[in-house]
Amino acid sequence: MPVMKIKKFSFTYPGVDHPSLRNITLPIEKNKITALIGPSGCGKSTLLRSMNRIHDVYSGNKYEGKIELLDFETNQRNNILDIKKENELIKLRQQVGMIFQKPTPFPMSIFDNVAYGLRIAGLKNKTELADRVEQALKDGALWKEVHDRLGKSAMGLSGGQQQRLCIARAVAVKPEVLLFDEPTSALDPISTGAIEELLVELKKDVSIAIVTHNMQQASRISDYTAFMYLGDLIEYDKTENIFLNPKEKRTEDYITGRFG
Amino acid sequence: MRLLVNKLFLTFSVLSALIGLAFLGWILVTLFIKGLGSFHFSLFLNDLIDGGLRNLIIGQFILAGLAAAIGIPLGMAAGIYIQEYGKGRYASIIRDLSDIMMSAPSIVIGAFVYAVVVVPTGGTSGFAGAIALAIMMIPVVINTTDNMLSLVPRELREAGVALGASKYRVILDIVIKAAKIGIMTGILLAFARIIGETAPLLFTSETSNYFSLDLTESFPSLTVSIYDLANEPEESSRDLAWAASFILTVLVLIINLTGRFFTRNKD
Amino acid sequence: MANCHKIYFVTNVIVSSLGVLTSNGNHCVTIFLYNLTYILNRLLMEKIFQKLALSSASIVFIILVGIFITLLSSSKLAIDEFGFDFLVNPDWNKEVVINPDVSNTPVVSELKSDEIVDEDDGMIEDEDEMLFDEDDESDVQTKTIYGGLVPIVGTVLTTLIALIFALPIAMGIAVFLAEIAPKNISNVVGIAIELLAAIPSIIFGMWGLYYFAPIVSDLVGGYQVSLLTAGLVLGVMILPFMAAITRDSMNTTPGVLKESAYALGATKFEVIKDIIFPYSKTGIIGSIILALGRALGETMAVAFLIGSIFVLPTSITSPTISIPVAMANNFGEASGLGESALFYLALILFVISFGVISFAKMYFLKKAK
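Protein chains in written order, with the numbering used here: chain R, 494 to 753; chain X, 146 to 412; chain E, 171 to 539.
This is how it looks when you write it as structure tokens:
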């Protein structure tokens with residue numbers, strides 16, 4: 494069952510006359526990993542960033558179509574593109590988290606980093622905070638390495654550790670969906686492997702959408718894959734079908750390395 | 146031939162650097178010799194009326210401190226506006242105006258404060274002097290805040306927003322913190338600059354021979370008094386002016402170097 | 171809407187305290203209210219923060235406009251009285267006899283000014299003696315006229331001298347810091363140069379008057395307090411600014427560009443001349459104009475060294491006055507028309523500085539930050 498339904502979605506950046514995404518229709522399945530792949534400039538990051546409306550940090554974007562997010566309490570789907578109020582956007586981002594390509598630790602202690610999302614959501618109780626932080630760090634496979642130095646600055650962690658910190662930070666607020674924008678492209682192979690393992694574990698609790706330019710990564714960890722090209726969705730299917738039995742020629746060409 | 150020209154040019158360049166250093170050294174040595182020559186610890190214990198500098202040093206700090214208390218929050222808030230909230234034209238106009246004000250003649254600012262503060266309130270005051278200094282400090286703080294904030298990568302802001310933080314929280318909790326060191330250095334350098342200023346104080350707070358904490362009257366100022374002392378015919382006044390110059394320069398250089406100390410690792 | 175904000179803010183305070191009191195706060199209503207007020211409180215804070223930031227930024231605008239308006243209104247008296255003649259009239263504080271018998275043409279009586287030059291510290295004191303033509307004694311009307319030519323000329327000339335002196339040296343230092351010195355030395359020397367910039371201007375005045383000026387006048391003759399000595403010390407003051415900004419400009423030249431030139435066998439001088447300088451041209455010119463702006467407004471150092479007399483300089487080594495010094499010396503005792511004339515000078519200086527710096531900014535704008 495999809496936790497998010499993208500329906501005929503088009504997106505235009507401010508000041509640009511042609512849309513960067515055209516008529517995308519795509520589900521994000523619950524507790525599964527959906528990979529967005531395609532050559533540079535195909536719009537996969539643009540699509541991902543629409544799912545938590547982070548585009549709206551900058552003004553002037555044009556949306557068409559719908560992106561429907563399932564509200565677990567009411568069992569209703571709400572079009573997140575309709576959200577205008579700052580307040581509801583904030584709530585959206587607490588439900589749909591994001592991890593970026595470059596690790597972005599905040600200039601604070603490890604504890605404060607993970608606790609940040611909780612604190613701004615209003616959680617003040619110290620015991621509860623400590624519990625949630627510990628749980629999040631365990632979910633992010635970082636607890637063992639940092640449990641004895643939670644007060645130290647996050648900037649002292651290695652690249653791979655910082656990225657896991659960002660994951661723990663995002664997971665702490667218990668989102669329903671997690672968006673990953675090329676999370677391992679800035680990391681070494683061992684850290685990459687650790688994070689891929691982590692993602693497979695995480696999908697038990699959250700639904701994941703991941704943008705990656707690494708096809709092997711997509712085939713390794715994702716359940717569903719969407720191939721995009723120049724702003725269009727070319728093909729969407731179960732991962733093994735995309736990679737072993739693609740229906741579209743362009744998909745096949747991309748998979749076999751003829752371009753991109 | 147080319148090599149000769151090259152050699153000449155490089156020699157000239159090294160010479161220029163030496164000349165620059167020579168001037169610095171000359172001034173510092175002069176201050177040291179003349180200043181230390183007239184220096185004695187009672188300068189810190191007596192006020193000008195008794196031939197000391199105590200009231201002037203304390204007064205200068207108070208004026209600069211008050212100016213900073215006004216100028217830093219205003220400057221930072223304005224810098225935050227320009228960098229974080231500014232949309233297009235208004236923000237860049239303010240930015241340009243701020244840059245222009247940075248190089249505005251300090252005596253003109255003194256005249257301005259004279260007209261709008263001293264005249265209506267009926268006389269010179271420490272408040273007027275502090276306001277004049279604040280006006281000089283604000284554009285510098287704006288500039289440094291603006292520049293330091295622009296160096297913070299946008300992903301850091303996006304990560305904050307992605308967690309559901311509202312804009313002002315992202316700015317206060319994350320962006321300012323990330324730019325903290327650079328901003329602090331800029332502020333310290335700005336403070337070092339205004340504590341050495343004379344012209345804005347000349348007709349706003351003037352100076353005083355006595356120890357005073359009363360900001361509603363003429364207020365003791367180290368810099369203005371150096372100017373007065375240097376104009377007096379007595380040799381002893383001149384010596385005192387040198388001692389005061391020495392102390393002022395040492396203070397300014399310490400503050401300046403402290404500011405640089407904070408960013409020493411950034412290279 | 172504002173009232174709603176206030177209500178919710180107060181409610182938030184109450185409910186927060188309730189929340190603390192009920193510790194783990196499992197009461198549903200409390201949580202709901204708490205969340206509600208928290209959300210609205212956050213919106214309120216966001217709005218307050220934005221407004222504060224905007225107001226602070228506007229203060230810059232207000233101050234600048236305020237300065238301009240204040241200068242205009244305070245100099246109105248002088249502007250009305252003298253108009254543009256102020257810019258070309260060299261007579262300052264000159265008492266003029268208006269002969270009522272001749273229709274409206276003022277007859278300027280010769281006034282003798284005794285100027286005492288104190289050789290010890292170069293400060294000049296004026297003593298005016300007025301001579302009257304005895305025939306006109308009975309029905310004499312006098313007025314005082316002020317003309318700003320001398321300080322304007324003094325300001326412009328000292329700035330020019332400063333620039334001519336400082337420019338080559340500043341460029342040389344910049345080249346040294348950017349291209350010649352190894353990193354460690356460049357850092358140390360760079361800091362030293364920036365410390366030179368940090369030294370308060372009154373210190374330059376003291377040092378300049380008692381140590382630098384005597385040497386200059388020994389070398390070239392003329393007065394110790396003069397256009398030349400003031401200009402030179404001014405030059406030493408703007409030297410570090412030009413050097414630092416030029417160095418930063420030069421450092422933006424991409425390494426690959428330089429390497430390509432070296433790879434072709436160019437000497438360091440040629441790389442600097444043909445590659446680096448053209449690339450950083452706008453930044454360099456901008457730095458020059460910015461330094462010009464600073465030099466125009468400099469008061470204290472020039473006050474010590476220029477001589478402070480309202481006389482057009484007969485040579486480069488004769489004393490004169492500049493606008494900031496005229497203001498510094500006379501503001502305290504001036505009133506009425508005299509004070510307005512000083513404001514008129516301030517207005518002129520402000521307009522020139524503003525113009526010069528705006529021009530520099532336009533140049534800088536081409537070099538996108």
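Virtual Cβ for every residue (Gly too), placed ideally from N, Cα, C. Owing to the predicted nature of the structure, the values given are computational and were not obtained by experimental measurement.
query	result
Nearest-angstrom Cα separation, counted from Ala-498(E) out to Ile-363(E)	29 Å
Local Cβ density within 10 Å of Met-544(R), reported as buried at 16 or more and exposed below that	buried
The segment 408-417 of chain E contacting the segment 318-337 of chain E, beta-carbon criterion three pairs below 8 Å	yes
Residues of the segment 321-346 of chain X whose Cβ lies closer than 9 Å to any Cβ of chain E, in chain order	Leu-334, Ala-337, Arg-338, Ile-340, Gly-341, Glu-342, Thr-343 and Ala-344
contact_flag[the segment 506-526 of chain E, the segment 318-336 of chain E] where n(CB pairs < 8 Å) is 3 or more	yes
Simplified DSSP state of Val-670(R), which is helix, strand or coil	strand
Test: Tyr-381(E) CB closer than 8 Å to a CB of chain C	Although the question refers to chain C, the structure presented lacks it and instead comprises the protein chains R, X and E.
Beta-carbon proximity check, Leu-574(R) vs Ile-560(R), cutoff 8 Å	yes
Proximal chain E residues relative to Asp-291(X), where beta-carbon distance stays under 8 Å	Within chain E, no residue comes near Asp-291(X); the closest Cβ sits about 10 Å away, beyond 8 Å.
Cβ-based neighbour list, Ala-248(E), same chain, cut-off 6 Å, excluding 5 preceding and 5 following	Ser-510, Ala-511 and Tyr-514
Segments of 3+ residues assigned as beta strand (DSSP E) that fall wholly inside the segment 323-359 of chain E	none
Proximity of Ala-368(E) and Leu-398(X) at Cβ, strictly below 8 Å	yes
Local Cβ density within 10 Å of Asp-632(R), reported as buried at 16 or more and exposed below that	buried
Rounded C-alpha distance that separates Asp-290(E) from Ile-233(E)	At Asp-290(E) the pLDDT is 41, less than 50, meaning the model places this residue with poor confidence and gives no usable figure here.
Interface flag, Phe-529(E) vs chain X, CB-CB below 8 Å	no
Cutoff 8 Å: Lys-411(X) Cβ touching any chain R Cβ	Only weak support exists for where Lys-411(X) lies, its pLDDT of 48 falling under 50; the coordinates are left without a value.
Interface positions of the segment 295-309 of chain X facing chain R (Cβ-Cβ less than 9 Å), listed along the chain	Pro-298, Arg-299, Glu-300, Leu-301, Arg-302, Glu-303, Ala-304, Gly-305, Val-306, Ala-307, Leu-308 and Gly-309
Proximity test, Cβ basis, 8 Å: Gly-610(R) and chain X	yes
Interface positions of the segment 249-264 of chain E facing chain X (Cβ-Cβ less than 7 Å), listed along the chain	none
Chain E contact residues for Asn-707(R), given Cβ-Cβ distances below 9 Å	Simply none; closest approach about 30 Å.
Proximal residues to Ile-202(X) (C-beta, below 6 Å), its chain only, five neighbours per side dropped	Leu-367
Proximity winner among Ile-283(X), Val-264(X), Ala-386(X) and Thr-408(X), relative to Gly-182(X) (alpha-carbon distances)	Ala-386(X)
Extent of the continuous alpha helix (DSSP H) to which Arg-546(R) belongs	First-last for Arg-546(R): undefined, no H or E at that position.
Listed by chain order, chain E residues near Asn-580(R) by CB distance under 8 Å	Ile-209, Arg-212 and Leu-213
Spatial neighbours of Thr-343(X) in its chain, beta-carbon cut-off 7 Å, leaving aside the 5 residues before and after	Thr-368, Val-369 and Tyr-372
Which listed residue (Ser-270(X), Glu-300(X) and Ser-390(X)) has its alpha carbon closest to that of Val-258(X)	Ser-270(X)
Bounding residues of the alpha helix (DSSP H) (the contiguous stretch that carries Leu-398(X))	380-407
Closest residue to Gly-121(E) among Lys-217(E), Phe-501(E), Thr-423(E) and Ala-351(E) (Cα-Cα distance)	No statement about residue 121(E) is possible, as the shown extent of chain E runs from 171 to 539 and does not include it.
Best match in Ile-446(E), Val-403(E), Ile-218(E) and Ala-471(E) for proximity to Ser-371(E) [C-alpha to C-alpha]	Ala-471(E)
Closest by C-alpha distance to Leu-219(X), when choosing among Glu-503(E), Asp-261(E) and Leu-224(E)	Leu-224(E)
Beta carbon proximity, Lys-313(E) to chain X, threshold 8 Å	no
Chain E within 8 Å of Ile-215(X), Cβ atoms only	no
Lys-595(R) versus Glu-300(X): straight-line alpha-carbon distance, rounded	8 Å
Interface residues of chain R facing Ser-311(X) [CB-CB closer than 7 Å]	Glu-579 and Ile-583
Chain E residues whose Cβ lies nearer than 9 Å to that of Tyr-372(X)	Ile-372, Gly-375, Met-470, Ala-473, Phe-474 and Ala-498
Chain X within 8 Å of Ile-286(E), Cβ atoms only	In this prediction, Ile-286(E) scores a pLDDT of 41, lower than 50, which makes its location untrustworthy; no coordinate-derived value is stated.
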